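J.:
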Amino acid sequence: NKWNVLDFVVVVGCNLSVMAKSTLGKGSIVRALRAFRVGRVLRLARYAAFLNAMIDTLYTALAGLANVSMLIALVIFMYSCLGVGLFGTTAHGTYLADEYNFQSFGNSMLLLLRVSTGEGWQNLMYDLAEEQPGCTQLIQSPEELQAQGPLGCGTPFAYPYFVSYQLIVKMVMINLIVGVLMDSFSKVQQAKLTKSYRHQMHTFVKLWKEEDPAFSGYLPFDRIVLLVLKIDAPLGFKGSKSKHVFHAMRFLRLYGKNVHIRDLMILLAQRAYLWLREEAEMDTEIVRFDHTTLVDWILAFPEVEFSDVYQEKCVLIAHVIIASHVKRFITRKREQWVRDDDADDKKREGDRKLAIQKKQRRSITPIHTGGLVLLSKSGSLSTGVLGDTGAGVGDMEADAAAQRAGLTAWVTAWESYRSEATLGEQSNVLVTQLAPPTAEVLIQLSPLPWPPPKS
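Reminder that position 251 of the sequence shown reads as 253 in my numbering, one-by-one numbering, no gaps.
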């Protein structure tokens with residue numbers, strides 16, 4: 003365990019610092035060994051996910067960082083040797099001084115390390131390219147260089163020297179370090195995803211054994227849908243809707259009403275592959291496995307027939323989905339046809355009744371007469387007079403002398419008829435003013451003749 007290794011290193015370093023302090027007393031070595039105590043803070047990373055990821059990334063990138071660092075050291079070594087040969091006798095300027103120069107290999111290495119950070123490298127380049135006052139073009143011997151110091155003039159080779167160094171070391175090599183770290187971080191994340199995938203695979207096998215204790219390899223499709231809905235993505239469909247599961251499993255072969263674990267495992271592996279590549283998990287048909295690996299997996303189940311999905315005898319879940327959609331469509335259309343037929347029948351019945359009502363209204367014609375008189379059993383005239391307004395029923399009007407005078411003839415005719423006709427026990431008589439609905443004569447319903455006899 004890497005955390006146990008870290009604990010071991012920290013404990014050993016702390017013990018060494020205690021031993022050094024007891025034997026050597028105070029010194030730089032003792033202070034350096036005390037730095038191991040800071041390593042105990044790294045133990046907190048096991049409880050923080052992001053710190054754990056960073057430490058795992060650095061641990062994974064150690065080999066790559068070592069290779070890139072060695073390459074950078076080789077480039078710096080080459081440029082240091084070249085700098086001593088080109089600028090070892092150049093006179094000092096504003097920025098080229100006793101501490102920063104190319105007079106020795108050590109100074110050249112330290113100066114190039116400083117230039118790698120980008121600090122003032124252009125000023126050094128200008129000092130080494132320009133001719134300083136009192137400089138000489140003659141070559142100085144080691145004795146003269148030791149006695150007089152560097153007196154050489156600058157050279158134009160300083161421009162390509164520093165520019166190429168910046169391009170190679172700062173822009174290429176440093177970016178290589180960043181690339182190594184990013185690659186290591188990606189590997190760490192993929193390792194975690196693979197670990198999660200393996201855990202989900204064990205969960206899947208466990209749930210399958212619960213559903214199929216004999217491990218026949220076959221399960222009904224509806225039970226498989228419930229099974230995969232219990233497993234997290236990418237292997238399972240936890241949190242998804244059933245219709246999404248049906249669509250994802252559309253290319254699975256059906257053996258009766260069952261699905262075999264061989265075909266289901268291929269689908270789950272395709273989903274996991276797409277998930278690791280951060281692509282759409284529903285596009286499983288674009289994933290192609292290695293031919294040898296796929297053949298070995300299929301041959302592991304010789305008792306299960308394997309047929310191409312385009313063969314006529316091969317039945318897929320997609321066929322069942324299509325059939326169910328067609329069935330629902332036909333049922334919905336039939337219900338719609340029944341509703342349309344009922345609506346048409348109701349419309350025709352309404353049109354027929356409307357036509358009959360119009361025909362009846364056309365066959366009824368009112369007859370306008372002089373008035374409607376309501377008489378009592380005794381034969382006396384009521385206190386009101388009914389005047390026809392054309393609606394078939396009279397309106398009671400006020401007693402007026404002119405109206406009474408106009409009805410004298412009617413009263414006389416009624417009294418003369420009453421003496422001849424028998425009215426029985428009727429209390430009153432209502433004389434209709436409506437014409438018969440047909441051309442035939444209306445049956446006489448009133449005991450009074452109509453129209454009344456003239457006096």
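In this text, a Cβ means the ideal position worked out from N, Cα and C, and glycines have one as well.
As the structure is a prediction and not an experimental result, all values here were calculated from the model.
1) Mind listing, in chain order, the continuous beta strand (DSSP E) runs of no fewer than 3 residues lying wholly within the region 228 to 269?
2) Pair every Cβ in the region 89 to 104 with every Cβ in the region 134 to 150, then say whether three or more of these pairs are closer than 8 Å.
3) I'd like to check one pair, L114 with Y161: are the Cβ atoms closer than 9 Å?
4) Using a 10 Å radius around the Cβ and a threshold of 16 neighbouring Cβ atoms, would you call W5 buried or exposed?
5) Give the straight-line distance between the Cα atoms of R273 and P236, rounded to the nearest whole angstrom.
6) For V117, which residues in the same chain have their Cβ closer than 6 Å to its Cβ, ignoring the five residues on either side in sequence?
7) Beta-carbon within less than 6 Å of G238's beta-carbon, same chain only, minus the 5 sequence neighbours each way: which residues are those?
8) What span of residues does the alpha helix (DSSP H) with P222 cover, start to end?
9) Please work out which residues of its chain come closer than 8 Å, Cβ to Cβ, to D9, disregarding the five sequence neighbours upstream and downstream, and give them in chain order.
10) For L183, name the three-state secondary structure that DSSP assigns.
11) Just the C-alpha distance for V126 and G120, rounded to the nearest angstrom, thanks.
12) Please determine, among R36, S186 and M173, the residue with the shortest C-alpha to C-alpha distance to I74.
13) Is the distance from the Cβ of N260 to the Cβ of P222 below 9 Å?
14) With a threshold of 7 Å on Cβ separation, who are the neighbours of I323 within its own chain once the five nearest residues in sequence on each side are excluded?
15) I'd like to know whether the C-beta atoms of E283 and A250 end up nearer to each other than 9 Å.
16) Helix, strand or coil, according to DSSP, for G154 in the structure here?
17) Could you name the residues of the same chain whose beta carbon sits closer than 7 Å to that of K232, not counting the 5 residues immediately before and after it, in chain order?
18) Write down the C-beta distance between V466 and F107 rounded to the nearest angstrom, noting that I regard them as a contact closer than 8 Å.
T.: This is what the structure holds:
1) 260 to 262
2) yes
3) no
4) exposed
5) 6 Å
6) W123
7) V230
8) No alpha helix (DSSP H) holds P222; the beta strand (DSSP E) holding it covers Y220 to P222.
9) R45
10) helix
11) Val is not the amino acid found at residue 126; the sequence shown has Leu there. Spanning the two alpha carbons is a distance of roughly 11 Å.
12) M173
13) yes
14) F248 and R252
15) yes
16) strand
17) L209, G238 and K240
18) Outside the shown range of the chain (3 to 457) lies residue 466, about which nothing can therefore be said.
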